[in-house]
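Residue numbers (our numbering), protein chains in the order written: chain A, 216 to 412; chain B, -16 to 252. Where is the CB? At the ideal position from N, CA and C, for every residue including glycine. Data first, discussion second: the structure below is written as structure tokens.
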Amino acid sequence: MLLCARGLHRLGLSPIDFDLPAGGCLGISGPSGVGKSVLLRMLADLDPHDGDVRLDGRSQQDTPPCEWRRQVALLAAESQWWEPRVRDHFVDGKVPLLDELGFEKDPADWEIQRLSSGERERLALARVLALAPRVLLLDEPTANLDEQNASRVERLIENWRRDAERAVVWVSHDREQLARVADQRLHLEDGKWSTAA
Amino acid sequence: MVDSGVIPVSPLDLVLAASLVAALALLSLPARLGIAKPITIGAIRTVVQLLLVGLVLDTLFAFESPWLVGVWALVMLLVAGREVIARQSRRYRGGRGYGIGLSSMFVSSFSVTLLALVVLLEVDPWYAPRYAIPLLGMLLGNTMTGVAVALDRLTQSAWEQRAVIEQRLMLGQPYIAATETLRRHAMRAGLIPIANSMAAAGLVSLPGMMTGQILAGVAPFDAVKYQILVMFLIAAGTGFGTMLAVRLGTAALFDPRDRLRLDRLAGAE
């Protein structure tokens, strides 16, 4: 198993166990405000929590925090920190996966301030993929995207995880989307986990 | 130094000066400026505190004991530490804030004062209260302001920019890199007052210490040399103290797993 969680929980959320194989995608659904993002934050080790998370058998707490967060990388619902220009976020200023992300022109020299929220969202995905993580934690990654770009992103993630033996935890309130992209699903409601059909 | 040529201040002079403050407080009442109370309390505190300090200094000067000087220095430090905490809009929970303020002020103010006494002024004995206490007081007072302002800025912006800091952590940056901008701004905020007062020294106002010496009959040029020395000491003391406080204050906002712990600040959920 690539990513294992045992008894993972924090206040107000019941413990959860799961195993995520390489190439797999775990979908997390549930009403907003129920704590779906909290799960991602625990997996990325951004909040104190109980329980154990392992990547390739190595415990989260035995891995230096910076290394862990690069390997189990969280893409927040809205990425907040930006340097002034797009190129500043990438090695040699080269933005990867331009076609796959639906950029017709190279945005390297664009100013971040002038980007639309959808463009930022796709760039944030490129930025996190540039870390070469083993597991990608996605929090509503297509919330600001039109249908065309949303399916581009879905395809990109699908190929990314299958080709390179990597895994995804995908949080969305959109159950139809999760049915498309995930191969195992969990539902969270009132702090309780259940297996989603 | 010089004890002749000073025109003594009579109790009546003090009463007249106090009536100015009272007039200010009274006049502000109808306009509901809300300053009457703080001004009155401040004025009363000034009188009581300074009279007490006058007594203490008289005693210290009379005995010239290193122990008494040490005890008084400690009292000054503890009060400064409390004052730093009082000026925070988001305080560290528990004793953290006090510890950060105390240790950074202790390290910077005390070492700079010691350097000034032993190496620069070569005071004999080095703990001579007439030099040690006023020097330490000026250093502590300024360092306290720098530390308080910088810590306040640091915690306030950590609170406001949580998402930015955490975004940088998510990208695998260590906490020290993730707080780079915050720390820079906090340092600036702490050091701007002393930088400004050095830049404006003499042009806009005559610095207090120099004014005091001139009023006491010291030749202006000698007073100026003293003032320059003291300004530099204050700049160094404030700078080192603020730097240390910002560093310690930042570390206290994170746990060993580089997680931003805003729950360590009062007013957090």
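Taking a Cβ-Cβ cut-off of 7 Å, the neighbours of residue 296 (chain A) in chain B comprise 147, 150, 151, given in sequence order. Against residue 240 (chain A), chain B offers no close residue; the least beta-carbon distance is about 20 Å (beta-carbon pairs closer than 7 Å).
Excluding residues up to 5 positions away in sequence, 230, 231, 232, 254, 257, 258, 264, 265, 266, 267, 268 lie with their Cβ nearer than 8 Å to the Cβ of residue 223 (chain A) in the same chain.
The contact set of residue 200 (chain B) on chain A, defined by CB atoms closer than 8 Å, is empty, because the minimum CB distance reaches about 58 Å. Residues of chain B whose Cβ lies closer than 9 Å to the Cβ of residue 291 (chain A) are, in chain order, 146, 149, 150, 153. Spatial neighbours of residue 343 (chain A) in its own chain (CB-CB distance under 6 Å, excluding positions within 5 residues in sequence) are listed in chain order as 288, 290. Looking at the DSSP output, residue 391 (chain A) shares a beta bridge with no other residue. Here residue 227 (chain A) is exposed. Its C-beta has fewer than 16 other C-beta atoms within 10 Å. With the criterion set as a beta carbon lying under 8 Å from some beta carbon of chain B, the members of the stretch 276 to 288 of chain A are 276, 280, 281, 282, 284, 285, 288, in sequence order. At least one CB atom of chain A sits nearer than 8 Å to the CB of residue 156 (chain B).
Assignment of residue 164 (chain B) by DSSP, reduced to helix, strand and coil, places it in the helix class.
Secondary structure note for residue 375 (chain A): its alpha helix (DSSP H) is the uninterrupted segment 362 to 378.
The beta carbon of residue 219 (chain A) sits closer than 6 Å to those of 234, 269, all from its chain and outside the five residues before and after it, given in chain order.
Closer than 8 Å to the CB of residue 167 (chain B) there is not a single CB belonging to chain A. Contact check between the stretch 150 to 158 of chain B and the stretch 179 to 199 of chain B: fewer than three CB pairs, one atom from each, fall below 8 Å, which does not count as touching.
C-alpha of residue 64 (chain B) to C-alpha of residue 227 (chain B): approximately 14 Å in a straight line.
Rounded to whole angstroms, the Cβ separation of residue 323 (chain A) and residue 310 (chain A) is 6 Å, and the two are in contact under 8 Å.
Using a 10 angstroms sphere on the CB of residue 251 (chain A), the tally of other CB atoms reaches 16 or more, which defines it as buried. Under the 8 Å criterion on CB atoms, residue 340 (chain A) is classed as non-interfacial with respect to chain B. The bridge partners DSSP lists for residue 231 (chain A) are A:223. Chain-ordered, the chain B residues with CB closer than 8 Å to the CB of residue 259 (chain A) read 153. When only Cα atoms are considered, residue 138 (chain B) and residue 231 (chain B) end up about 12 Å apart.
Using a Cβ-Cβ cut-off of 8 Å, residue 240 (chain B) counts as an interface residue toward chain A, since at least one Cβ of chain A sits closer than that to its own. Residue pairing from DSSP leaves residue 325 (chain A) without any beta-bridge partner. If you draw a 10 Å sphere on the C-beta of residue 6 (chain B), you find fewer than 16 other C-beta atoms in it, and that means exposed.
Under the Cβ distance rule, residue 346 (chain A) counts among the residues neighbouring chain B, one pair being separated by less than 8 Å. Annotation: the continuous beta strand (DSSP E) that includes residue 354 (chain A) extends over 350 to 354. Counting along the chain, no alpha helix (DSSP H) covers residue 407 (chain A); the unbroken beta strand (DSSP E) around it starts and ends at 407 to 410. With a threshold of 16 other beta carbon atoms within 10 Å, residue 122 (chain B) meets it and is buried.
The Cβ atoms of residue 337 (chain A) and residue 368 (chain A) sit closer than 8 Å to each other.
Residue pairing of residue 75 (chain B) in beta bridges, as defined by DSSP: B:248.
Non-local C-beta neighbours of residue 108 (chain B) in its own chain, meaning closer than 7 Å and more than five positions away in sequence, are absent. Shown here, residue 55 (chain B) sits in a helix according to DSSP, grouped into three states.
Scanning the stretch 259 to 331 of chain A from its first residue to its last, the whole beta strand (DSSP E) runs of 3-plus residues come out as 265 to 270, 287 to 290. Judged by DSSP secondary structure, residue 118 (chain B) falls within the alpha helix (DSSP H) whose first and last residues are 112 to 143. C-alpha of residue 271 (chain A) to C-alpha of residue 220 (chain B): approximately 50 Å in a straight line.
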